[in-house]
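K.L.:
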Amino acid sequence: MTADLFEFSLVKKRFAVIGNPVAHSKSPEIHQIFAQQCNIVLDYQAIHVDHGGFAQALRNLQARGFAGINITVPYKQNAAEQVDSISKRARVANAVNTIKFEDDGSMYGDNTDGEGLLRDLEKNLCQSICDSKILVVGAGGAARGILEPILAAKPEMVAITNRTAKRGISISNEFLQYGPVSWQSFDQVSELSFDIVVNATSASLTGDIPNLPNQIFAPGSLAYDMGYGEQSTPFIIWAKKQGAARTANGLGMLVEQAASSFKLWHQVEPDTGAALLAICPNRMQS
Ligand code: NDP
Numbered sequence: 006m007t008a009d010l011f012e013f014s015l016v017k018k019r020f021a022v023i024g025n026p027v028a029h030s031k032s033p034e035i036h037q038i039f040a041q042q043c044n045i046v047l048d049y050q051a052i053h054v055d056h057g058g059f060a061q062a063l064r065n066l067q068a069r070g071f072a073g074i075n076i077t078v079p080y081k082q083n084a085a086e087q088v089d090s091i092s093k094r095a096r097v098a099n100a101v102n103t104i105k106f107e108d109d110g111s112m113y114g115d116n117t118d119g120e121g122l123l124r125d126l127e128k129n130l131c132q133s134i135c136d137s138k139i140l141v142v143g144a145g146g147a148a149r150g151i152l153e154p155i156l157a158a159k160p161e162m163v164a165i166t167n168r169t170a171k172r173g174i175s176i177s178n179e180f181l182q183y184g185p186v187s188w189q190s191f192d193q194v195s196e197l198s199f200d201i202v203v204n205a206t207s208a209s210l211t212g213d214i215p216n217l218p219n220q221i222f223a224p225g226s227l228a229y230d231m232g233y234g235e236q237s238t239p240f241i242i243w244a245k246k247q248g249a250a251r252t253a254n255g256l257g258m259l260v261e262q263a264a265s266s267f268k269l270w271h272q273v274e275p276d277t278g279a280a281l282l283a284i285c286p287n288r289m290q291s
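For reference, each letter of the sequence shown is one residue, going 6 to 291 in this note's numbering.
1) Under 8 Å, with one C-beta from each stretch per pair, do the region 239-253 and the region 48-65 reach the 3-pair mark?
2) From Lys138 to Ile91, what distance separates their C-alpha atoms?
3) Where does Met258 sit, in a helix, a strand or coil, going by DSSP?
4) At what residue ranges does the region 96-138 contain a whole run of the alpha helix (DSSP H), taking only runs of 4 or more?
5) Within 10 Å of its beta-carbon, does Gly110 have 16 or more other beta-carbons around it, so buried, or fewer, so exposed?
6) Which one of Ser209, Gln42, Gly24, Val27 has the shortest CA to CA distance from Val273?
7) In this structure, how does DSSP classify His271 when only helix, strand and coil are distinguished?
8) Do you know offhand how far Lys171's Cα is from Ile45's?
9) Do Ala263 and His36 have their CB atoms nearer than 8 Å?
10) Between the Cα of Glu86 and those of Thr77, Lys128, Val101, Ser30, spot the shortest distance and give me the residue it belongs to.
11) Below 7 Å, is the gap between the Cβ of Lys81 and the nearest heavy atom of the ligand NDP?
12) Is the region 15-27 close to the region 61-78, with three or more CB pairs under 8 Å?
Set out below in structure tokens:
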């Protein structure tokens, strides 16, 4: 090995996104785009973790010298239990999507999902949240990350609905202290209409859609699927049929939340507009 190569192998930091499933993740591609923009050399992998193996996987990656980890479905709440210190927003969410392995051997947890969604809605999609009626579908780690930031942007109301009522009711009660949020069953949702409907379920990963009633989209409304794929997601296809005026997949959020993780790890802000264009040139059509 030449001296240059030896030095390169020492400084190339390692990162990963871990989840189940995770093979579909575009995070490795996004972090490499950011790294090129910022002249940083890094390794970023997508690593599948079997159910029940999350805590051990985290310790293994730390022992192998990884510098940071993103966490995806379904482990964000598990991650919040594993970290030694936690940001305020991750504590409020009780969900962690970004871990930094500190030099002293401790783990710091953050949650960049809410910031990512808000930046995508307000900056990329020019969608105002203030005074709007919002439906959040889902009550998992992703929903937990976005609720407080959405409520802080002063919507008229936020309704939460979820396949499993118990989980939906629990999250609604938990976040009531941050603003006007209420639990609505799928049936109750049919009495309402919304300016923004956010699909924060993992249904798209299995080609499903949440069992929502028809006619929930107000005139001019946006249907936002946190999921994404090469083609339109089932939720977006359904929303267009139901009269949503605009639709967007979760790639913009993915890029924006990745930028916040990147900044935590590398102390530089990448260009998210260029990255989004590179991974999804025709986003609003998909
Ligand atoms: P969790 O496993 O924590 O939660 C999954 C949620 O989806 C639960 O509310 C679950 O309902 C619901 N769900 C799953 N399958 C179905 C179905 N077939 N019909 C109706 N509801 C269903 O996952 P996360 O919250 O971490 O992630 C949710 C999704 O958001 C994932 O697809 C993830 O990739 C995406 N995501 C995208 C981001 C982005 O940047 N674009 C960022 C973060 C997440 P129940 O409680 O009944 O089980």
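Quick reminder that beta carbons are idealized off the backbone N, C-alpha and C, glycines included. Owing to the predicted nature of the structure, the values given are computational and were not obtained by experimental measurement.
P.N.:
If we stick to the structure as given:
1) No, they do not touch.
2) Straight-line Cα distance between these residues: approximately 31 Å.
3) Here DSSP, grouped into helix, strand and coil, assigns Met258 to helix.
4) Every unbroken stretch of the alpha helix (DSSP H) spanning 4 or more residues and falling wholly within the region 96-138 is given here in chain order: 118-124.
5) Counting the other Cβ atoms within 10 Å of the Cβ of Gly110 gives fewer than 16, which makes it exposed.
6) Residue Gln42 is the option with its Cα nearest to Val273.
7) In this structure, His271 counts as helix in the three-state DSSP scheme.
8) One C-alpha to the other measures close to 45 Å.
9) Yes, the pair counts as a contact, with Cβ atoms nearer than the cut-off.
10) Nearest option by C-alpha distance: Val101.
11) Yes, the Cβ of Lys81 comes within 7 Å of a heavy atom of the ligand NDP.
12) Yes, the region 15-27 touches the region 61-78.
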